[in-house]
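Asker: To convert, take the position in the first sequence, counting from 1, and add 2; that gives our numbering. Glycine included, C-beta positions come from ideal geometry on N, C-alpha and C. The structure follows.
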Amino acid sequence: MADESVLTPQSRDFPRWYQDVVAKAEMADNGPVRGTMVIRPYGYAIWERMQAAVDARIKATGAKNAYFPLFIPESYLAREAEHVEGFSPELAVVTHAGGEQLAEPIVVRPTSETVIGEFMAKWIQSYRDLPLLLNQWANVVRWELRPRLFLRSSEFLWQEGHTAHASYDDAAAYARRIHLEVYHDFLEKVLALPCLLGIKPPSERFAGAINTTTAEAMMKDGKALQMATSHELGQNFARAFDIFFQNEAGQAELAHTTSWGASTRMVGGLIMAHGDDRGLVVPPEVAPVQVVVVTVRDAEDLSRVAHELVGQLNAADVRAELDRGRGSFGRRVTDWEIKGLPLRVEVGPRDLAEGRVSLVRRDTAEKSSVALNEVATRARELLAECQRDLYDAALARREAKTADVTSVAEALDAAQEGFARLAWDLVNGEGEATLKKGAITVRCLQRADGTIPDSETEPDLVAFVAKSY
RNA sequence: CGGGAAGUAGCGCAGCUUGGUUAGCGCGCCUGGUUUGGGACCAGGAGGCCGCGGGUUCGAAUCCCGCCUUCCCGACCA
C-alpha cells in the first residue's frame, strides 16, 4: 500500500489526476443532472475565500453588489443580435411552469447583460447617474457540451459586474481597471497565479462585446485556462435596452457599458496550476486552513501542546486547526497533503523532549525543527515564503513552456505542450484557422512590451497560442 | 453535438463471450483489541432495484432496443 500512490500521477494521465484530486480532496461531486456540480464543504470554503478577496477588490473600485433574477424573458436575449447568436445554443429554457405552458418561454440566465441592461435603462436618466457600477454574485446556467467539474459545469457560480458610463473612454478605462486591480491583483497575490494579460482576437470575443480583455494562466500540463475576462460592450447593449442619459447640454446620449466576470472555474485553475502528485497545493492566502497541527501519536501531553500551538497560531492571525483525523500518523498526514494544506506542524515526543516541533511545508516537503515559542513567528514566515515560491514556480514553469516561434507551423508544434508566442500578423486570418485544426487557439494578444493593447488592429502585436480548457 | 470507452456495495474492479437458482474480490465502513515519527495489524460484522425503462426467455448482471449518466479526443464555452 505504501508504495502505491494515492492519486494517479500527473505524468501518467493528467485528466485522471485532476478527477482524483477533486474527489479525494473532497472538493466536489457530480450532480445527478448532466454537467451539474455539488461543491463540497472543502471546495466551497476555498471558493468563499476567493469570493471574499475578489469582492473586496470589486468594492474598492466603487461597484456595489445587487441581485437580479435567475429567470429572463427569452425576448430580452434576442434584442442584441450577436449576443443571442452566441448564447442560444447553450440556453436552458423554461417552457412550462405552474402546470401550464408559458406564453413566452423563460430563459435561465447564462449571463445577465440583458436583464441588467433593462434596469439600467430605468435607473439612468442623467449624466449625473453615471457611472453606474453594479456587481452580482450569482449562479448561471450554460448547457455546455463537454462538462468538467469546476472547469465547465452546466451551472456555475460567479460574479458578474455590469457598468454604464457616459463615455467610451470612461467605460474602457473602468474595464481595464477591473482587469488590473481586481482580477490580476487577485490572481497574482491570492492565487499565486501568473497570468498573461491581453485582449482576445475577434474570434474569441464575448458575444456582443467590442473588446474583451483576458487573464490566461498555464496549467501544469501546458494548457491554458481563461481565469477572468472584462468586456467593453460599447453601445451595443445600451442600444438594445435603451440606456440613454441626458448630457450636460440636455441632449439624449447612449451610455457605454462594460461587463466582467470570474467564476468557480478559478477553483479548477488553482488545482491544475499548483497541484502535484501528492494532491492539491493551496496557496496560503486562499487556504481555508493554513496550518494543521498534528500529533504523532495519541498522547495527552502531545495533545495539550498541540492545542496550545493552535491557540498561539490563531492569536497570530494564522488560520490553524488541530488535526482531529483518526488512524495512523501516516494516514492523517497523507489526508492533509491531498487537501493541500500549506503548512503542517508535527508534535512528537522526540522533538518535544527538546522543546521543539517540526514544521513541514506542503509545496516543497521541507521539514524544519522549530522551538515551541517560535512556532507562530516561523509559521508566518513560511506561509509568506510558500505563497511567493508558488508564484515563482508557476511563472518559471510557464516561461519554460513558452516558445518563441516564427511561423504557424512551428506554433502548431510548440503549442502541443505549452504556449507559443509569435507575431499576430502571422496568425491573423488563415493562420488562426490552421491552428484551430490542431485544437490550438489564440489565447491573447499583447504588445511587444507585454502591455495590453487597446485593439487587435494595433501594429506589431504578439499572439500567445495554446491548447485550452 | 460527432468519434471512442464505460456504468455491478462509498471507491476501484472481476463475473457477461457460452443466460441457470445464495453476485464475488480489494480498499473503505462498523464492533472489539493491539497500534500510531509517512496511507498499521488481527478477529468478527454490516452493506447490492447489477444506471433506468422495455423486450427475448421457463429463467437476464449476462442477449436485444431505447434512454440517462460518467470519462477521453474534437467542435462549443467561464
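Between Val372 and Arg380, is the Cβ-Cβ spacing less than 8 Å?
Answerer: Looking up residue 372 in the first sequence gives position 370. Looking up residue 380 in the first sequence gives position 378. Taking 8 Å as the Cβ cut-off, Val372 and Arg380 qualify as a contacting pair.
Asker: With a threshold of 6 Å on Cβ separation, who are the neighbours of Phe1 within its own chain once the five nearest residues in sequence on each side are excluded?
Answerer: This structure cannot speak to residue 1, because the chain is shown only from 3 to 471.
Asker: Should Val335 and Val347 be called a contact, given that it needs their Cβ atoms to be closer than 8 Å?
Answerer: Here residue 335 corresponds to residue number 333 of the first sequence, with the count starting at 1. Here residue 347 corresponds to residue number 345 of the first sequence, with the count starting at 1. Not in contact: Val335 and Val347 (Cβ atoms no closer than 8 Å).
Asker: Between the Cα of Glu339 and the Cα atoms of Lys439, Ala27, Ala173, which residue gives the shortest distance?
Answerer: Start at 1 with the first residue of the first sequence, and residue 339 comes out as number 337. Checked all of Lys439, Ala27, Ala173; the closest Cα to Glu339 is Ala27.
Asker: Does the distance from the CB of Ser261 to the CB of Gly163 come in under 8 Å?
Answerer: As a working mapping, residue 261 is identified with position 259 in the first sequence. As a working mapping, residue 163 is identified with position 161 in the first sequence. Cβ atoms of Ser261 and Gly163: closer than 8 Å.
Asker: If you follow the beta strand (DSSP E) that Asn430 is in, where does it begin and where does it stop?
Answerer: Numbered from 1 along the first sequence, position 428 holds the residue referred to as residue 430. First-last for Asn430: undefined, no H or E at that position.
Asker: Just to confirm before moving on: does the CB-CB distance between Arg51 and Pro290 stay below 8 Å?
Answerer: Within the first sequence, the letter at position 49 stands for residue 51. Within the first sequence, the letter at position 288 stands for residue 290. Yes, these two residues count as a Cβ contact at 8 Å.
Asker: Who pairs with Arg423 in a beta bridge, going by DSSP?
Answerer: Here residue 423 refers to the residue found at position 421 of the first sequence. Partner(s): Asp406, Phe466.
Asker: Identify, in the order they occur along the chain, each residue of the same chain with its Cβ nearer than 8 Å to the Cβ of Met3, setting aside the five sequence neighbours on each side.
Answerer: Translated into positions along the first sequence, residue 3 becomes position 1. Because Met3 sits at a pLDDT of 33, beneath the cut-off of 50, its placement in the model cannot be relied upon, and the following sentence gives the value as read from the coordinates. For Met3, same chain residues with a beta-carbon under 8 Å away, outside a window of 5 residues either side, do not exist.
Asker: What residue from Ser155, Thr116, Asp394 has the CA that sits closest to Arg267's CA?
Answerer: As a first step, residue 267 is located in the first sequence; it is residue number 265 there, counting from the start. Cα-wise, what sits closest to Arg267 is Ser155.
Asker: Can you check whether the CB of Ala166 is closer than 8 Å to the CB of Ile41?
Answerer: Residue mapping note: residue 41 aligns to position 39 of the first sequence, counting from 1. Residue mapping note: residue 166 aligns to position 164 of the first sequence, counting from 1. It is not a contact, given that the beta carbons lie outside the stated cut-off.
Asker: Glu218 and Phe466 look like a contact to me (Cβ under 8 Å); what is the Cβ gap, rounded to whole Å?
Answerer: Against the first sequence, residue 218 aligns to sequence position 216. Against the first sequence, residue 466 aligns to sequence position 464. Yes, Glu218 and Phe466 are in contact; Cβ-Cβ is about 7 Å, under 8 Å.
Asker: Answer yes or no: do Glu458 and Pro203 have a C-beta to C-beta separation smaller than 8 Å?
Answerer: Against the first sequence, residue 458 aligns to sequence position 456. Against the first sequence, residue 203 aligns to sequence position 201. Against a cut-off of 8 Å, the Cβ pair of Pro203 and Glu458 comes out as a contact.
Asker: Secondary structure at Met3, three-state DSSP: helix, strand or coil?
Answerer: Locating residue 3 in the first sequence gives position 1, counting from the first residue. Any reading at Met3 must be qualified, since the residue scores a pLDDT of 33, below 50, and its modelled position is unreliable; the value itself is stated next. Three-state result, Met3: coil.
Asker: Specify whether the segment 130-137 and the segment 66-73 touch according to this definition: at least 3 beta carbon pairs, one from each stretch, less than 8 Å apart.
Answerer: The way I'd put it, the segment 130-137 does touch the segment 66-73; three or more beta-carbon pairs between them come closer than 8 Å.
Asker: Check this for me: beta carbons of Leu93 and Pro75, under 8 Å apart or not?
Answerer: Stepping through the first sequence from its first residue, residue 93 is reached at position 91. Stepping through the first sequence from its first residue, residue 75 is reached at position 73. No. Outside cutoff.
Asker: Secondary structure at Gln228, three-state DSSP: helix, strand or coil?
Answerer: Taking the first residue of the first sequence as position 1, residue 228 is located at position 226. Strand.
Asker: So, with DSSP's three-state summary, where would you put Asp319?
Answerer: Your numbering for residue 319 matches position 317 in the first sequence. Note: Asp319 maps to coil in three-state DSSP.
Asker: List the endpoints of the continuous beta strand (DSSP E) containing Pro200.
Answerer: Taking the first sequence and counting its residues from 1, one reaches residue 200 at position 198. The residue asked about is misnamed: residue 200 is Gly in this sequence, not Pro. 198-201 is the extent of the beta strand (DSSP E) around Gly200.
Asker: Helix, strand or coil for Glu401 per DSSP?
Answerer: As a position in the first sequence, residue 401 is number 399, starting the count at 1. For Glu401, the secondary structure class from DSSP, reduced to helix, strand or coil, is helix.
Asker: Determine which residues share a DSSP beta bridge with His258 and list them.
Answerer: As a first step, residue 258 is located in the first sequence; it is residue number 256 there, counting from the start. In the DSSP output, where bridge partners are listed per residue, His258 has His167.
Asker: Give the DSSP bridge partners of Trp139, in chain order.
Answerer: Stepping through the first sequence from its first residue, residue 139 is reached at position 137. Gln161, per the DSSP bridge assignment.
Asker: On the DSSP bridge assignment, give the partners of His98 in chain order.
Answerer: In the first sequence, counting from the first residue as 1, residue 98 sits at position 96. According to DSSP, which records beta bridges pairwise, His98 is partnered with Gln103.
Asker: Can you tell me which of Arg299, Ala301, Val284 puts its alpha carbon nearest to the alpha carbon of Val293?
Answerer: For the purposes of this step, residue 293 is taken as the residue at position 291 of the first sequence. Considering only alpha carbons, the answer is Val284.
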